[in-house]
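Structure first, commentary second.
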Amino acid sequence: MSFIRSLDKRQIELLQSDKNSALFNLLKKDIKSGMVFPAVRKNQIYFYYEGGCLYKFSNGKFTRDKAFEKYGGETESSSYEIAKKQVKNKFTNKMGSVKERRLLNALYCHTFAGERLYDTIVLDIEVNLNGNVARGKKCDLVLYNVPSGEIMFAEGKVFSDNRVNVKRGNTPEVIKQVNEYSRSIEEQEQTILNQYAKHVDIVNCLFGTQYRVPKKLIQPAKLLVYETPLNLTDNNLYSIDTINAALGANNVVFVKREERPSTDEIWNSLCK
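To convert, count from 1 in the sequence shown and add 702; that's the working numbering.
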């Protein structure tokens, strides 16, 4: 089995042990506030912040990517706050505007916040499907509509990405990307549902949520494109028409510049 979501009893015990409790408590506080997102992997948990992986918990200990250390943050008050600042800096460009993953980051702030504001939550992010198709590539989001018990895979992009916006006559690369995700989830449908049932059990146990296990996988994979220009050029229109024709207009949402739809609005736009 390739697609696995697990955390065995021993790892749970170590995560909650005195050795790891100080950092885990800091992470849990930020998880509750919507700043950090925990994602279950194969006997690991990745903790994401502002578009990047802040810490990994594996083999009984926390680690972080030392490559983030070159992004400053040394003036912060603690090593934890330094780590957060470095991740945030990496995903902010020189002009200070947000990048793709920081836009998507805003969608998962309600998943573990206690009172659920929306029917739809973000169940997982940065998802490597590990199937025969699209192996090694990561789909950005798994959305979960709690009342219906349905999950949906969605890839996020900003319109200015050259994989989306192309010159007339070219084919946007994002079409191939989303189609590969669609084939991958189709071949692993029952495995994905079984593994996300385990995922939900784990996050319920560790973070106090009470989500039911998902029952249905919506297909195909979807595309969410942020920062679509208000005044469209000929190339912009061509790119939009080409993507809609290839993926199906019901499977794509083009979000206008400066608009920030809720998870429910995104779900309703993509689940028709």
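The beta carbon of each residue, even a glycine, is placed where N, CA and C say it ideally should be.
Residue j beta carbon less than 9 Å from that of residue i
i	j	result
L843	L809	yes
S964	T794	no
E802	G858	yes
K924	A856	yes
K839	L845	no
S781	K744	no
V905	V927	no
Q890	F705	yes
L919	R959	no
K788	Q746	The amino acid at residue 788 is misidentified as Lys; the sequence shows Gln. Their beta carbons are not under 9 Å apart, which means Q788 does not touch Q746 by this criterion.
K900	V742	yes
Alpha carbon of residue i to alpha carbon of residue j, nearest angstrom
i	j	result
G775	K758	19 Å
K772	Y748	21 Å
D936	E961	22 Å
G950	V915	29 Å
I942	R865	12 Å
N867	P874	7 Å
E715	S862	45 Å
D710	V824	23 Å
K768	N761	18 Å
V902	T944	37 Å
T765	K730	16 Å
W969	Q912	21 Å
D811	N847	In the sequence as presented, Asp is not what sits at residue 811; that position holds Cys. About 15 Å.
A947	Y940	10 Å
L717	L728	13 Å
S850	C973	12 Å
F770	K792	7 Å
F726	K790	20 Å
T777	E783	9 Å
V957	G871	23 Å
Q892	L934	41 Å
C841	V880	8 Å
D732	D966	23 Å
Q719	G910	Residue 719 is actually Ser in this sequence, not Gln. If I take the Cα positions, the gap works out to 18 Å.
N938	V876	14 Å
Y898	E888	15 Å
V829	K917	19 Å
K878	S723	43 Å
K763	M737	21 Å
Whole-number beta carbon distance between residue j and residue i, since they are thought to touch under 8 Å
i	j	result
L908	V860	Between V860 and L908 the Cβ distance is about 32 Å, and since that is not below 8 Å, they are no contact.
L756	K721	Not a contact, Cβ separation roughly 19 Å.
Q921	S971	Going by Cβ atoms, the distance from Q921 to S971 rounds to 16 Å, so no, they are not a contact pair.
Y750	I827	6 Å
Exposed unless 16 or more other CB atoms sit within 10 angstroms - verdict on residue i
i	result
L819	exposed
M797	Low confidence applies here, because M797 scores a pLDDT of 47, under 50, leaving its location unreliable and the question unanswered by this model.
N807	buried
T930	buried
S779	exposed
E752	buried
E882	buried
S735	exposed
T813	buried
S886	buried
CB contact below 9 Å: residue i versus chain C
i	result
S735	No chain C appears in the structure shown, which is made up of a single protein chain.
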